[in-house]
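What follows is a short report on a single structure.
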C-alpha cells in the first residue's frame, strides 16, 4: 500500500529531525499519529476508525479537551499534510461505507475543512492533479475542493499567509500557494475537461476570490485595530497575479466597489488599501493599476484607494504617467478622466502633471510635445492622436491658470507647432482635431490673447471633446447637481423669449393647455429661400454675357441659377461657346453672397463638360497644370472632371433627364444633398399601388454604350503628364500634397468610370506606373488615393488583358499592397490595401478554373 | 439640429377649376347639414365658387360682380347668407338657403381701394358691417340689414394714415362696445372705439402698407403682415393701448393675408413669394413653409376643424391638414 510506504518514509526522516530539536512531549504527538495511522491502515472496523479520527481532531483545538498549544503547532507544522495525504490514499468506496449515512466521509472531509487551510489546500490540489482521471477519488476530491471554497476556506488560506509574516517566511511555500490559488481555474479546467464544475470557471472563481480577499482585509483591519501586526503582501501578490492573468474585471469588479464604501470613513481602511496596492510586485503593477483605473467610478475614489502611490513607487509612476498615456491608447474616456483627475487631486501628484521646475517630467508638457511633433502626426494612428488630444483637454481642465502661466511659452510653442502641422494635413479629421485642441488650449494657456476660432462641423466627437474641456465640478456628487442645474438654466431663456417685453408675463406661460403646443415639430424649411427676380437670360450666350460683363448683380445671380438648365436644353448652342463658357466659369468668383454658389458653378461646369466633352476636358486638363491658379481652382477642375465622367458613363443617360445633384465622389465639400423627397414619393407610390404580378418590380437596368469611351483619353492622360514637374506656384510633389491626393483619387475615379472602354488598358498601365512612382508618399491621403486607384485598375481593366500585359506591374503592386496592409499607420490605408488584395485574389480565382481543366 | 427634419408637407388635396386667380376664400360651416363644410372662393373674374369638400367639386357658381375681382367673402351665422365684396364697388348679400343663389341685397361702396370689409354679428337679426368709406381715408360703419350708416370713422387730418387697408370688427367679452382694428397705408394699426368714433390707440408696426391682420381677442394679441419683409405681433392691454410685442423677419417681402386658426394654436400667412408660412401662434416659432403654389398667394382661410385653404394667382386652391387637433 503506497500511502503506508509514504508514511514509513515520513516516519524515518521526520522523526529524526524532530528528535534533534523537539522535546519528548512533542514526540508523543508523533506516537499518537503513528498509532492512528497503523489502526487506520489495518483495521476494517468502522467504529474504531471513527474513534481514532475523532481523537486526532483534538489537535485542531476545537474540541472539548484540546491538545496543548505546542502539540497543536507541531501537528499542524509537521504531521498534518502527510496525514492528509495518507487520508487521501485511504479514500475508496468500501472504506467510506464502513460507517453508515456518510459519517465516515463527513469525518474525513472535516480534516480538510477544519485543519490548517494552506496545507489542506495544497494537498487537495496536489491529489486532484495526481489522481487518475476519471476516478472515484478525483470526483470526491473535486467535490471537497468545491466545498472548501464554498465555506470560505480560501480566506483562511490567505489569512494564514498574512499572519505568518511575523514568523519565519516560507518563500517557496508562498510561491507555490500563490500559483495554485490564482491558477486554480486553469488547473481544474485542464484536469476535469468537460466534467469541470461551475464553481471553478474563472468567471465564478475570481469574483469569489475577490470576496475572500475582502474578508481577509477585514480580518487584517480588525487585527490592526487590536494592535496585532499583519502583512498584506500575500494579498497584493494574489491580486497582482490575478490581474496579470487578465482577470481585473472579475476580481476588482468585486473589490473596488466594496473598498470604495469601506474607505470612505476610515483612515485605517485607507491605509490598508494603499498598502495593498503598494505591495503589488512590479511585474503586476501595470495590470493592477489599469484594473483600478477601470473599476473606480471617478478620480475621487481612485485617489482614496491609491493614495500617493505614484510618488512612492517608480513603476506605478511609469505606468500612470507614461504607459497609459503615451504608449497605449486603450483607456476609455471615463478611465482617462479618472486617471488624470487622480493625478490632479493632490499637490504632490499634481507636480507630475505640471510644475514650473525643470526637473520632473511633466505630463502636460509631454502630452503637448507628443501632440505637436509633426512626425507623430504622420506615423501615429488617428485613434491615438485623438486619445492624446483628449488627454490634453482633460489635463487643461484640471489645471489652474497660475500653473499654466509659468511655462506658457513652452506650452504655446509645442501647441502651435502641432496646430500648424495638423492644419497642413490633408485628412479632415486630423485638421479638425487640430482646430479643436487649438481653440481650447489657447484659450486656457493664453486667456488674455485674442481667442482662436475655427470653423468646423460639429459632430459627436467635437461635442465630446469640448465637453471634456469643461472643468469638472469639484463636488463629490456631480451627477446629481449637474443635470438639474442645466435644466433650470436651459429653461429660463426660453421663457424670456416668449414673454419678452410684456408687462404681464404670467398668463401665457402657465397656460397648461397651450404648453402642449411645444410638440408641434417644425417641418423642413430649407425651401424658404430668397426669391430671384425674373431677369434670368434665356440663352446660353446671354448667360455668358451676364456672367462676364454685367454689373447688374441680380442678373448675374439669375444667370448663374439658370445656366445649368439652359445648357442641357440647348446643347448645340452650348457647343458653340463651350470652351469660352468653361473658362468664364472656372474663373468665376463669388461676387455676391449667393447661397450655394459653389454648387451652382460646379453644376454648370459639369453640364458644359458633359455637353461638349472633348474640347472642354482638353481645356480643363491643360489649365490644371497652368500657372496662376489657386489650389481651390485646381481641385475644382478635378471634381468637375470626375463628375462629368460619371455623368457620361451613366448607362441610359440619354433616355432620362439629366440628373441634378449627382452623388459626389470622395470628400466633396458642400455636396448636393440626396433628395429625401424621392424616397418619400417612391414609398408613397409603393403603398398606394397594387401590383398584379409580383416579382421583378424594379425597372430593368438601363443599357447603352459607355459614352465616356470616346473621350476618356482627354480626361485622363493630360492629368498624368506633368505631375512631377513643379511650377513656381504649384508643386505637387512638395507642399501641395492635398491636390496630389485629390489627383490620385480623381485618376482612380476616372479609371473606374472607364470600365468597358477600349482605352481602359493603356489607362490602367499608365495609372499603375503613376502609383508605382508615388507609392512611398508620406501623406496618408495621397496613399489612400493611390490604393483606390489600384483597385480601380483591377476593376476596370479586363482580366485577360491584366494578366497578359500588366503581370509584372501587378506582382510588384501586390507585394507593396501586402506591405501597406500590414504596416501602414493609417487605418483607411490598411483597409483599402486589403480590399485591393482581395480583388487580386478574385482575379487569381478566376484564372484557376481556366487553367485547371 | 440633431434629428433630421420632416420633409415639407404636401397638400391634402388641390381644387382646380376656378379658372382665374383666387382672391378670397371662406369656409362655410356645414350650412347645408352636410358632414364637411363648404369652401367658398372668389376669383379675379368676379365669380364665387362654392366647393364641396366632400366631393371636391364645384357645387355652385355665383356671378354677381360683373366680371370684377371678388376680394372678400363672409357668411353670417344666423342663416345661409353670404356676403361678397367685389371690385365693382358692390357688396352683395346672397341668399343660399335651399339651393337658392340670388342676390337679395347689395351695398354700394365708395372706395376703390383693396380694403376688405369686416362684419360683427352677435347672432342677432342685426349685424354691423365695416367697409372702406368715402374720401380715401374713412371707414364706414353700417347697420345691417337696414343699411343705415351708423358713423364714419375719419382719422384726424394731421395723422396722415392714408387709406385703410384691412379691417377687423370685434367686441370684447367684457364690454358691449364694438371695436375696430384697422391697418393703414402708412403701416400703422389703429384701434377704433366705434361708439365714440375715436382712435383708442395706434401703433406703427410696419413701414409699408398693412396688407392683412388678424386678432386673437382671448389673448388680446394680434398679428399683421405688410408689404415689407416682416410680420408684427402686437398686443392690447387693459387700457386699450396697442403695443408691439415683436417682429418676425421673413425671407421674402410681401404678405397678402394673415389668419390665426380658430383654436389659436397656429397661424398662416399668404406670401407674395408664392409661399404659405405657418407659425406657432404663441411663440411665433416657424413651423412650415408650404412651397406649393407657383404664383402669389392671395388668401388663406382656416376651417373650424383646423383645415387650411390657400388660394393663389396660379388659379389653384390647396387644402392642407397641418398639426391636426387631437
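Chains as they are written, first to last, in the numbering used here: chain A, 9 to 861; chain B, 506 to 831.
From the three backbone atoms N, C-alpha and C, an ideal C-beta is built for every residue, glycine too.
Bear in mind the structure is a predicted one, so any value in this text is a computation, not a measurement.
Taking just the CA atoms, how far does residue j sit from residue i?
i, j, result
"residue 426 of chain A", "residue 359 of chain A", "24 Å"
"residue 800 of chain B", "residue 779 of chain B", "5 Å"
"residue 733 of chain B", "residue 776 of chain B", "11 Å"
"residue 556 of chain A", "residue 803 of chain B", "38 Å"
"residue 215 of chain A", "residue 415 of chain A", "47 Å"
"residue 576 of chain B", "residue 713 of chain A", "59 Å"
"residue 816 of chain B", "residue 531 of chain B", "10 Å"
"residue 461 of chain A", "residue 413 of chain A", "21 Å"
"residue 365 of chain A", "residue 373 of chain A", "The predicted position of residue 365 of chain A is uncertain, since its pLDDT is 46 and thus under 50; a value taken from the coordinates is nonetheless stated next. The alpha-carbon atoms of residue 365 of chain A and residue 373 of chain A are separated by roughly 12 Å."
"residue 794 of chain A", "residue 779 of chain A", "6 Å"
"residue 637 of chain B", "residue 521 of chain B", "31 Å"
"residue 620 of chain A", "residue 853 of chain A", "41 Å"
"residue 676 of chain A", "residue 833 of chain A", "In this prediction, residue 676 of chain A scores a pLDDT of 37, lower than 50, which makes its location untrustworthy; the coordinate-derived value is nonetheless stated afterwards. So the two alpha carbons sit approximately 24 Å from each other."
"residue 402 of chain A", "residue 448 of chain A", "11 Å"
"residue 497 of chain A", "residue 226 of chain A", "Interpretation of residue 497 of chain A is limited by its pLDDT of 38, a score under 50 that renders its predicted location unreliable; the figure taken from the coordinates is listed afterwards. So the two alpha carbons sit approximately 46 Å from each other."
"residue 691 of chain A", "residue 697 of chain A", "10 Å"
"residue 845 of chain A", "residue 837 of chain A", "12 Å"
"residue 800 of chain A", "residue 757 of chain A", "7 Å"
"residue 514 of chain B", "residue 795 of chain B", "7 Å"
"residue 797 of chain A", "residue 636 of chain A", "28 Å"
"residue 53 of chain A", "residue 59 of chain A", "10 Å"
"residue 827 of chain A", "residue 585 of chain A", "50 Å"
"residue 650 of chain A", "residue 529 of chain A", "39 Å"
Identify the contact partners of residue i in chain B, using a Cβ-Cβ distance below 8 Å as the criterion.
i, result
"residue 805 of chain A", "Chain B residues near residue 805 of chain A: none, gap ~41 Å exceeds 8 Å."
"residue 533 of chain A", "510, 513, 791, 793, 794"
Am I right that residue i and residue j are in contact with their C-beta atoms under 8 Å? What's the rounded C-beta distance?
i, j, result
"residue 544 of chain A", "residue 575 of chain A", "The pair is not a contact, with the Cβ atoms about 13 Å apart (cut-off 8 Å)."
"residue 822 of chain B", "residue 523 of chain B", "7 Å"
"residue 466 of chain B", "residue 658 of chain B", "This structure cannot settle anything about residue 466 of chain B, because the visible part of chain B is limited to 506 through 831."
"residue 727 of chain A", "residue 434 of chain A", "Actually they do not touch by this definition, with Cβ atoms about 18 Å apart."
"residue 646 of chain A", "residue 750 of chain A", "5 Å"
"residue 563 of chain B", "residue 554 of chain B", "5 Å"
"residue 717 of chain B", "residue 761 of chain B", "6 Å"
Using a Cβ cut-off of 7 Å, pull out every chain B residue sitting near residue i, in sequence order please.
i, result
"residue 458 of chain A", "Those within 7 Å of residue 458 of chain A in chain B number zero; the least Cβ separation is about 28 Å."
"residue 862 of chain A", "No answer is possible for residue 862 of chain A: it lies beyond the span of chain A, which begins at 9 and ends at 861."
"residue 688 of chain A", "512"
"residue 529 of chain A", "511"
Could you check whether residue j and residue i sit closer than 8 Å to each other, using their CB atoms as the reference points?
i, j, result
"residue 728 of chain B", "residue 736 of chain B", "yes"
"residue 328 of chain A", "residue 297 of chain A", "yes"
"residue 41 of chain A", "residue 91 of chain A", "yes"
"residue 646 of chain B", "residue 664 of chain B", "no"
"residue 430 of chain A", "residue 464 of chain A", "no"
"residue 676 of chain B", "residue 625 of chain B", "yes"
"residue 420 of chain A", "residue 444 of chain A", "no"
"residue 563 of chain A", "residue 570 of chain A", "no"
"residue 834 of chain B", "residue 578 of chain B", "Nothing can be reported for residue 834 of chain B, as the shown portion of chain B is limited to 506 through 831."
"residue 289 of chain A", "residue 325 of chain A", "no"
"residue 655 of chain A", "residue 612 of chain A", "no"
"residue 745 of chain B", "residue 705 of chain B", "yes"
Under 8 Å between beta-carbons, which chain A residues line up against residue i? List them in chain order, please.
i, result
"residue 778 of chain B", "539"
"residue 828 of chain B", "528"
With a threshold of 7 Å, establish whether the CB of residue i neighbours any heavy atom of the ligand MN.
i, result
"residue 348 of chain A", "Among the components of this structure there are no ligands whatsoever, and the ligand MN is therefore not found."
Next item on the list: Could you pull out every unbroken beta strand (DSSP E) segment of at least 3 residues lying fully inside the region 753-802 of chain B, listed in chain order?
Entry: 760-765, 771-776, 781-785, 791-795
Check: Which parts of the region 601-680 of chain B are runs of the beta strand (DSSP E), unbroken and 3 residues or longer, counting only runs that do not cross its ends?
Finding: Here the runs fully enclosed are 607-613, 623-626, 632-637, 644-649, 653-658, 669-676.
Check: Taking the runs of the alpha helix (DSSP H) that are 4 residues or longer, which of them lie wholly in the region 331-364 of chain A?
Finding: 341-353, 355-361
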